[in-house]
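A short worksheet on the structure shown next.
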Amino acid sequence: MELRILNLAGLAVCAVIFGACEKDIDVDLPDAPEQFVVEGTIEPGLPPFVILTRTQGWFEPLSPTSLAGIFVGGATVTVDNGDGPIALDQVCTGSLTPEQLVLVSELTGLDPALLHAVDLCVYASANTALFGEAGRTYTLRVQVEGHELSASTTIPHPVPLDSVWFKLAQVRPDDDSLGFAWCRLTDPDTTGNNYRWMARRISHRSDGSAEDPFYISPFGTTFDDRFINGLSVDLNTVRGRAPFSNKPEDENEEAGFFKTGDTIAVKFLSIGRSEYEFYKSYEENVSSSGDIFSTPVNARGNIHGGLGIWAGLGVYADTIYCE
Amino acid sequence: MRYPKKRTVFFKDERREQCMPHLYFRAAFGPYMRTFLLIWALIAAFNGLRAQTPSTVSGYVNDSTSGEALIGASIFIKEIGKGISTNTYGYWSVTLPNGRYTFTVRYIGYATFERTIDLRANLKLDIDLRPSVTEMKQVEVVKEKRKSNTESTDMGRIDVDVQKLQTLPALLGEVDILKTIQYLPGVKSNGEGNSGFYVRGGGPDQNLILLDEATVYNASHLFGFFSVFNADAVKNLELIKGGMPANYGGRASSVLDITMKEGNDRGFHGRGGIGLIASRLTLEGPIVKERGSFIVSGRRTYVDVLAKPLINPESTFAGSGYYFYDLNAKANYRLGPKDRVYLSGYFGRDVFDLKGSLAGSPSFRIPWGNATVSTRWNHVFGPKLFMNATAVFSDYRFSFSGGQDQFAFKLSSGIKDIGLKVDLTQYPALRHQLKYGMQYTRHIYTPSTVEVESGDTDFDIDTPSKLHAHEAAVYALDEYDITEDLRVNVGLRFSWFAHIGPFHEYLLGTDGRPDGAVDHGAGKIVKTYSGLEPRLSARYRIDENSSLKASFNRNMQYVHLASYSSVGLPTDVWIPSGQNVKPQIAMQYATGYFRDLADHTYEASVEVYYKDLFNQIEFAEGATPDEGANTNYDAMLVFGKGWSYGAEFFLKRRLGKITGWAGYTWSRTMRLFPDVNHGRAFPSRWDRRHDGSLVVSYELNPRWTFGGTFVYSTGQATTLPVQRYWIEGRLVSQFSERNGFRMAPYHRLDLAATLKNKPEKTITDKTTGETRIVKRRYRSSWTLAVYNVYNRANPYFYYFTTEGSTSTGDLRPQAKQVSLFSILPSLTWNFEF
Chain A
1 MELRILNLAG LAVCAVIFGA CEKDIDVDLP DAPEQFVVEG TIEPGLPPFV
51 ILTRTQGWFE PLSPTSLAGI FVGGATVTVD NGDGPIALDQ VCTGSLTPEQ
101 LVLVSELTGL DPALLHAVDL CVYASANTAL FGEAGRTYTL RVQVEGHELS
151 ASTTIPHPVP LDSVWFKLAQ VRPDDDSLGF AWCRLTDPDT TGNNYRWMAR
201 RISHRSDGSA EDPFYISPFG TTFDDRFING LSVDLNTVRG RAPFSNKPED
251 ENEEAGFFKT GDTIAVKFLS IGRSEYEFYK SYEENVSSSG DIFSTPVNAR
301 GNIHGGLGIW AGLGVYADTI YCE
Chain B
1 MRYPKKRTVF FKDERREQCM PHLYFRAAFG PYMRTFLLIW ALIAAFNGLR
51 AQTPSTVSGY VNDSTSGEAL IGASIFIKEI GKGISTNTYG YWSVTLPNGR
101 YTFTVRYIGY ATFERTIDLR ANLKLDIDLR PSVTEMKQVE VVKEKRKSNT
151 ESTDMGRIDV DVQKLQTLPA LLGEVDILKT IQYLPGVKSN GEGNSGFYVR
201 GGGPDQNLIL LDEATVYNAS HLFGFFSVFN ADAVKNLELI KGGMPANYGG
251 RASSVLDITM KEGNDRGFHG RGGIGLIASR LTLEGPIVKE RGSFIVSGRR
301 TYVDVLAKPL INPESTFAGS GYYFYDLNAK ANYRLGPKDR VYLSGYFGRD
351 VFDLKGSLAG SPSFRIPWGN ATVSTRWNHV FGPKLFMNAT AVFSDYRFSF
401 SGGQDQFAFK LSSGIKDIGL KVDLTQYPAL RHQLKYGMQY TRHIYTPSTV
451 EVESGDTDFD IDTPSKLHAH EAAVYALDEY DITEDLRVNV GLRFSWFAHI
501 GPFHEYLLGT DGRPDGAVDH GAGKIVKTYS GLEPRLSARY RIDENSSLKA
551 SFNRNMQYVH LASYSSVGLP TDVWIPSGQN VKPQIAMQYA TGYFRDLADH
601 TYEASVEVYY KDLFNQIEFA EGATPDEGAN TNYDAMLVFG KGWSYGAEFF
651 LKRRLGKITG WAGYTWSRTM RLFPDVNHGR AFPSRWDRRH DGSLVVSYEL
701 NPRWTFGGTF VYSTGQATTL PVQRYWIEGR LVSQFSERNG FRMAPYHRLD
751 LAATLKNKPE KTITDKTTGE TRIVKRRYRS SWTLAVYNVY NRANPYFYYF
801 TTEGSTSTGD LRPQAKQVSL FSILPSLTWN FEF
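Residue numbers (the numbering used here), protein chains in the order written: chain A, 1 to 323; chain B, 1 to 833.
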């Protein structure tokens with residue numbers, strides 16, 4: 001994070017002094033072979049949930065139709081909890097009720113409006129034998145269009161937060177509404193704990209518009225206990241921005257802040273090492289788009305034969321009332 | 001693509017040395033030793049045949065007005081048709097059979113000195129050369145020629161006339177010696193505005209940058225846009241890109257040897273300038289007339305002052321500022337005819353403050369810079385033996401501290417050197433020079449440390465141990481004319497490096513994370529490396545105007561620069577060799593044809609080279625500085641190799657009203673890391689297939705001088721995403737081959753015009769009414785420069801972004817090019833007295 005700030009600062013200085021400019025260009029990218037992408041999670045008490053997509057050329061036009069085209073249906077997806085593989089069911093959004101769409105939106109991070117507009121298929125199971133259990137290992141296998149993808153993950157035992165609270169940031173001395181979410185974490189005395197913070201405003205504003213559609217993990221909140229092993233630390237986080245959000249509070253001075261009156265649902269995830277590596281590199285990848293100050297990083301997934309992640313999540317849940 | 005053949009690599013570890021010294025010796029010395037002994041024997045034989053050694057003439061060549069030593073002045077002895085040149089301290093020595101000789105001493109820009117001497121005994125001959133002032137004289141003088149290009153064994157060795165740089169266009173009027181060397185063939189820049197330079201495929205850390213013999217670790221200001229060398233304080237600049245003589249070592253690719261001015265020992269003088277972004281002032285004068293002198297030179301930017309009114313005081317970052325300053329100081333004193341001492345120092349800092357003016361917004365302070373001090377003692381043991389002993393201190397540090405709310409953190413890194421060096425030059429006979437010496441450096445590295453605290457809780461980040469090391473070398477070289485036409489410079493260097501305690505070594509578990517530690521005590525050897533570095537260059541004269549040259553060198557480098565970014569930011573970290581990090585090794589083979597044209601008005605050369613680089617390092621893909629804490633300093637590194645080959649064409653006009661050069665390089669530079677780019681070879685960032693430059697200076701009359709430069713190079717290699725996919729509703733880019741794309745070609749034209757005041761003025765004697773012309777004491781000039789004359793938008797970097805939103809279904813992917821400098825005029829006023 002520090003490095004990035006330095007880089008941005010450097011650029012800012014240069015821009016001020018020299019009037020750096022930028023322009024749109026056309027870049028001729030070569031065709032690359034299409035790959036399959038898995039985005040799968042399993043949490044304690046919930047069924048496994050798998051989205052299967054395919055890569056597109058970077059400049060391929062984006063439209064609801066082209067987006068729908070990347071979702072891959074008709075695959076054979078199985079999850080094995082050690083007692084033998086069980087097939088997941090294909091669920092397509094076209095057949096869902098609005099309430100179910102909201103649920104799928106929460107799970108996929110895709111806008112409900114988009115889900116409503118296009119018919120796309122995901123994989124889940126109502127079989128309680130596959131509902132997640134902490135400490136258990138789950139192996140995923142996908143057979144699709146002649147390809148085979150596989151991955152395995154273990155749901156870590158969740159590490160609870162001691163407490164969570166809201167504190168005013170006092171951006172201006174007289175400001176009494178904007179602030180950050182805080183938590184106190186007591187890290188267990190063994191190394192190797194990896195965490196990821198997610199939060200979602202579940203309150204409604206008076207116009208009913210501000211609610212987050214799903215849990216959002218702000219960049220920089222995937223971390224491990226390298227520096228805090230066995231310690232109790234207070235950590236603060238900003239409010240994450242939903243992907244491509246153009247809501248006013250993501251573009252005005254409220255961006256990044258929670259606000260008095262918000263109710264925040266917190267999911268504090270304990271994750272394994274390869275999951276940590278994935279989310280960390282994923283954040284790096286998404287937040288830098290190939291600028292000169294960073295070396296380009298591919299998201300380092302755990303899927304054999306494809307891209308993406310199959311993650312067991314140890315979930316500790318809590319709620320903050322911003323007062 | 002030729003894959004470099006595996007070659008035997010000689011380094012050792014301590015245990016092996018202890019138990020099997022003889023085997024080690026054979027392994028290390030065997031392959032080279034036989035060749036060297038043979039060559040040495042040959043030289044000794046010739047030497048014996050010629051040794052008559054009746055009398056020696058020796059002395060210094062100085063500027064008559066300032067007392068500055070003249071480096072590389074030629075001393076020609078008419079009767080034997082041969083000559084030699086002065087060393088870095090202006091010293092020369094020649095041994096001849098007794099007799100009558102005419103000595104002609106020449107140096108460009110100075111009147112020729114000639115004296116006939118009846119040599120019967122050893123003679124000390126100090127020569128003061130008078131600078132030519134008027135245009136007429138200058139033309140006369142420049143007609144005198146030096147035949148150094150085809151005469152010397154030097155390959156890929158270039159002297160830059162610092163005075164001349166003042167008339168070339170410079171970015172924002174700041175004359176930058178490092179940018180000028182980027183115009184030379186074989187030397188690449190790293191994109192727009194960057195002072196970093198890359199020699200024959202070598203990385204930015206592979207250049208030995210010496211300022212009065214002290215190593216400068218980071219030679220740039222403002223994220224690379226300006227170099228730390230204030231041209232007003234620099235006397236001489238020499239770049240060696242191949243055929244590195246054995247007296248230089250510790251770096252794999254090149255030497256940039258910068259000599260500071262000594263200061264005028266005859267009278268008090270000053271010079272300075274006021275530019276667009278910085279001002280300079282230099283003062284010099286005698287300490288004791290004609291015995292000792294000093295020079296002090298300072299420079300500071302005022303961008304912070306200028307930018308302040310432009311920053312909205314209401315904005316989040318009001319109060320932010322950036323500035324850099326340099327201070328050069330040097331003093332020298334002649335203790336007697338045989339002894340002279342020098343003390344020189346450099347101190348420079350960049351300070352960048354980012355102040356969040358509002359509560360809760362982050363604040364940062366980022367100072368970094370170099371400090372060097374060198375103390376030298378020149379002693380003439382006898383007319384044939386010259387010694388220079390140097391004690392050097394060099395300190396580079398970077399820190400980055402900041403805070404937001406109750407968090408505070410600090411990131412720092414640096415390197416500190418204390419060293420001692422003794423170099424001896426022996427002149428046994430005419431056209432025979434021996435150099436030998438030793439060097440020792442104690443290094444203290446701060447690889448990268450992070451401190452974080454939140455309120456009262458200190459994060460558990462180990463205070464990272466500084467890393468300690470010894471580095472030592474001994475060398476000998478012999479430059480000798482074997483026949484009238486064949487001259488060789490053969491040298492051998494033996495270098496040794498030890499990483500020593502205190503060292504807190506983390507023991508890594510199976511997951512690569514530390515699960516234990518071992519402490520190595522202070523001074524205890526953790527790991528040693530050593531190796532032989534043979535250096536050989538030879539010149540064969542085809543005829544009076546042309547020669548063929550060839551060189552080979554093997555260089556070892558025990559320090560590495562690891563970079564998180566690709567533009568040479570101060571966040572780059574110096575890392576010593578150690579248990580896992582092996583020393584860098586370079587092997588370079590070069591050959592060339594050199595020719596003087598049109599009665600020595602032009603020099604032309606063609607050189608081809610091939611270079612292998614072993615034990616190169618990079619940070620693992622995606623590594624960030626925080627991951628380096630609480631583990632070994634080398635835990636985030638990956639290792640690989642590189643190679644480079646190319647052809648360089650150079651045409652220089654040395655004499656006349658128009659001077660300058662044209663250079664063109666065709667080259668290829670590759671890297672191969674098993675853990676990068678899926679183990680496939682990839683072009684390095686500074687790989688440029690075509691690279692050309694044109695540098696012209698035109699002196700219309702004593703008042704007007706015009707300068708122009710044009711550069712063209714193949715686009716920089718860059719890594720771009722080829723595919724995209726979605727995770728958590730965000731767009732993830734899938735990158736393809738490392739550096740698999742080329743940005744648009746880089747080209748730029750800069751022009752400058754300099755107007756000086758009249759060099760002379762007319763004085764009328766009030767009593768007699770007679771008028772006479774005298775030289776002005778106060779000189780001043782205006783330089784108008786235009787950077788990027790035709791306003792080319794050269795790419796600085798490309799990035800990919802999207803516009804629109806998925807929710808509205810109109811997301812548009814777009815590639816963007818960022819360019820830094822549009823057309824930029826600048827005006828600088830310079831003065832001297």
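Glycine is no exception: its CB is placed at the ideal position from the N, C-alpha and C atoms.
Since the model is a prediction, treat every value here as computed from it, not as a measurement.
key: Classification of H147(A) by the beta-carbon crowding that lies within 10 angstroms, buried from 16 upward   = exposed
inquiry  = Just to confirm, is the Cβ distance from V105(B) to A69(B) under 8 Å?
reply    = no
message = Between S344(B), E238(B), T828(B), which has its C-alpha nearest L784(B)'s C-alpha?
response = T828(B)
ask   = For H157(A), which of helix, strand or coil comes out of DSSP?
value = coil
ask   = So is V573(B) in contact with chain A if we call contact Cβ pairs under 8 Å?
value = no
ask   = Is it right to say P98(A) is buried, meaning 16 or more other beta carbons lie within 10 angstroms of its own, or is it exposed?
value = exposed
message = To the nearest angstrom, how far is the alpha carbon of V171(A) from that of P213(A)?
response = 27 Å
request  = Note down, in chain order, each residue of its chain lying with its Cβ closer than 8 Å to the Cβ of K834(B), except the 5 sequence neighbours on either side.
outcome  = In the structure as shown, chain B begins at 1 and stops at 833. Residue 834(B) is therefore absent and cannot be evaluated.
inquiry  = Using CA atoms only, rank isn't needed, just tell me which of N193(A), N252(A), K247(A), G220(A) is closest to L313(A).
reply    = N193(A)
query = Under a three-way DSSP split, which group does F278(A) fall into?
reply = helix
ask   = Taking Cβ positions, are R671(B) and A717(B) nearer each other than 8 Å?
value = no
query = How many Å lie between V122(A) and A68(A) at the Cα?
reply = 12 Å
ask   = Below 8 Å between beta carbons: does that hold for V392(B) and E213(B)?
value = yes
ask   = Span of the alpha helix (DSSP H) holding I177(B)?
value = 177-181
ask   = Does the ligand GDP have even one heavy atom less than 7 Å from the beta-carbon of H221(B)?
value = As far as ligands go, the structure on display features none, and thus does not contain the ligand GDP.
request  = May I ask you to report which of helix, strand or coil DSSP gives V162(B)?
outcome  = helix
ask   = Looking at C-beta atoms only, is the number of pairs between the segment 688-698 of chain B and the segment 720-728 of chain B that lie closer than 8 Å three or more?
value = no
ask   = Does the beta carbon of S281(A) come closer than 8 Å to any beta carbon on chain B?
value = yes
request  = Under 9 Å between beta-carbons, which chain A residues line up against F398(B)? List them in chain order, please.
outcome  = Under the 9 Å cutoff, chain A gives no residues; its nearest Cβ is about 10 Å from F398(B).
query = Quick one: what does DSSP say H204(A) is sitting in, helix, strand or coil?
reply = coil
request  = Could you tell me whether the Cβ of K267(A) comes closer than 8 Å to any Cβ of chain B?
outcome  = no
key: Partner residues on chain A for R812(B), Cβ-Cβ distance less than 9 Å   = P61, L62
ask   = For A199(A), does the count of other Cβ atoms within 10 angstroms reach 16, so buried, or fall short, so exposed?
value = buried
query = How long is the line joining the alpha carbons of R493(B) and K435(B), rounded to whole angstroms?
reply = 11 Å
query = Got a sec: which bits of the segment 594-624 of chain B sit with their beta carbon under 8 Å from any beta carbon on chain A, in order along the chain?
reply = F619, E621, G622, T624
query = If we cut at 8 Å on Cβ distances, does I727(B) have a partner in chain A?
reply = yes
inquiry  = I'd like to know if G74(A) contacts chain B, where contact means its C-beta is closer than 8 Å to some C-beta of that chain.
reply    = no
inquiry  = How far does the alpha helix (DSSP H) with D250(A) in it extend, from its first residue to its last?
reply    = 248-251
task = Put R273(A) into one of helix, strand or coil per three-state DSSP.
result = helix
query = Would you call the segment 173-192 of chain B and the segment 658-672 of chain B in contact, with 3 or more CB pairs under 8 Å?
reply = yes
request  = Throw me the rounded Cβ distance for the G321(B) and V228(B) pair, which I believe falls under 8 Å.
outcome  = Not really, about 20 Å apart at Cβ, beyond 8 Å.
According to DSSP, residues forming a beta bridge with E618(B) = V638(B)
inquiry  = According to DSSP, simplified to helix, strand and coil, what is D205(B)?
reply    = helix
key: Contacts around M136(B), its chain only, beta-carbon distance under 6 Å, and the 5 residues preceding and following it disregarded   = Per-residue confidence for M136(B) stands at a pLDDT of 34, beneath the threshold of 50, marking its modelled position as unreliable; the derived number appears in the next sentence. So no residue of the chain qualifies.
T53(A), DSSP secondary structure in three states = strand
key: Nonlocal neighbours in the same chain, by C-beta distance under 6 Å from S203(A), ignoring five residues either side   = D262, T263
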